[in-house]
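**Q** Oh and the sequence shown: position 157 is 157 in the numbering used here, straight run, nothing missing.
We put the beta carbon where it would ideally sit given N, CA and C, even for glycine.
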Amino acid sequence: MLERAPSSRAARSLARLAQAVKRLALADGLTPVQAQAILFCARTRPDVASVGSLARVLGTTHATAVGIVDGLVRRGYVVRRSKPDDRRVTLLALTDRGREVAETILEGNAILERALDRLPADQRTTFEQALDALSRELAAAGHLQLSEPCPGCVFLEPNAAPSASRPHYCRYFRSYLSDVETQLDCPKHTPPRTDGFRREELRLRAAR
Ligand code: SF4
1 MLERAPSSRA ARSLARLAQA VKRLALADGL TPVQAQAILF CARTRPDVAS
51 VGSLARVLGT THATAVGIVD GLVRRGYVVR RSKPDDRRVT LLALTDRGRE
101 VAETILEGNA ILERALDRLP ADQRTTFEQA LDALSRELAA AGHLQLSEPC
151 PGCVFLEPNA APSASRPHYC RYFRSYLSDV ETQLDCPKHT PPRTDGFRRE
201 ELRLRAAR
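#1: Please say whether Gly108 and Ala25 have beta carbons closer to each other than 8 Å?
#2: Can we say the segment 40-56 touches the segment 179-195, given the rule of at least three CB pairs closer than 8 Å?
#3: How far does the alpha helix (DSSP H) with Ser135 in it extend, from its first residue to its last?
#4: Considering only residues of the same chain and omitting the five flanking positions on each side of Ala139, which have a CB-CB separation below 6 Å?
#5: Sorry if obvious, but does the Cβ on Thr44 come closer than 7 Å to a heavy atom of the ligand SF4?
#6: Identify the continuous alpha helix (DSSP H) that holds Lys22 and give its terminal residues.
#7: Hey, out of Leu72, Pro167 and Ala133, whose CA is closest to Arg31's CA?
#8: What did DSSP end up calling Ala164 once you bin it into helix, strand or coil?
#9: Near Ser178, which residues of its chain fall below 6 Å by C-beta distance, leaving aside the five closest residues on each side in sequence?
#10: State the beta-bridge partners of Arg81 as determined by DSSP.
#11: Relative to the C-alpha of Tyr169, which residue among Ser163, Lys83, Leu156 and Val57 is closest?
#12: Does the Cβ-Cβ distance between Leu58 and Val33 come in under 8 Å?
#13: Who pairs with Cys41 in a beta bridge, going by DSSP?
#14: For Leu156, which of helix, strand or coil comes out of DSSP?
#15: By Cβ distance below 8 Å, which residues in the same chain neighbour Pro84 in space, the five residues on each side in sequence not counted?
#16: Mind listing which residues have their beta carbon within less than 5 Å of any non-hydrogen atom of the ligand SF4? Chain order is fine.
#17: With a CB to CB cut of under 6 Å and the five nearest residues on each side skipped, what residues in its chain are close to Arg171?
#18: Check for me: the alpha helix (DSSP H) holding Leu54 runs from which residue to which?
#19: From what residue to what residue does the alpha helix (DSSP H) around Leu106 run?
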């Protein structure tokens, strides 16, 4: 009888979970990739929610991302606008209808959160750490674009201007951020002590 290695069984379980997550995200007749694109618009900093970033997050080509966005614009979920300081970049934003659909998709995530809540706390922590390690491994190999909120990013200077309405400073974008803005996903999020950090630091220094 064929014995499966533990890593092979775990990979299969992950693939099944991915299928369930995709199904939970389906709303309003959207395809999984359209649902992902809507969540990208809902969670990403508005000034970096570009078609290029979407393509990287989806792991697809720019042309394919343009096609996905075309479909969402036609259905009235998304609008395009040029980035004010760089007209070559197209930014994406949800319409009211798009925000409603994003809420529906997020309700699917809540089902998953409730299932995770039923796990004992130590198992949940171990699971989260293992998924985090896997994500970083896949990102380092170029299979996944991590887009995360500011906490934990090496470029964040929390409370750099404590009395201001936007008290936190981002050294990457050289701009101040409000509490709410630091909770949005950013494709430039860089955790400490990784090759990515060294690359981003070198890039920043070169740009100065
Ligand atoms: S680069 Fe880091 S600190 Fe700056 S906006 Fe992105 S996640 Fe936040």
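**A** In brief:
#1: Yes, Cβ-Cβ distance for Ala25 and Gly108 is below 8 Å.
#2: yes
#3: Following the DSSP letters along the chain, one finds Ser135 inside the alpha helix (DSSP H) bounded by residues Ala121 to Ala140.
#4: Leu146
#5: no
#6: Pro6 to Leu24
#7: The displayed chain sequence assigns Thr, not Arg, to residue 31. Measuring from the Cα of Thr31, the nearest candidate turns out to be Leu72.
#8: coil
#9: Arg166
#10: Leu91
#11: Leu156
#12: Result yes, Cβ atoms of Leu58 and Val33 sit closer than 8 Å.
#13: Looking at the DSSP assignment, Cys41 forms no beta bridge with any residue, so it has no partner.
#14: strand
#15: none
#16: Cys150, Cys153, Phe155, Leu156, Cys170, Tyr172, Cys186, Lys188 and His189
#17: Phe155
#18: Val51 to Leu58
#19: For Leu106, the enclosing alpha helix (DSSP H) covers residues Asp96 to Asp117.
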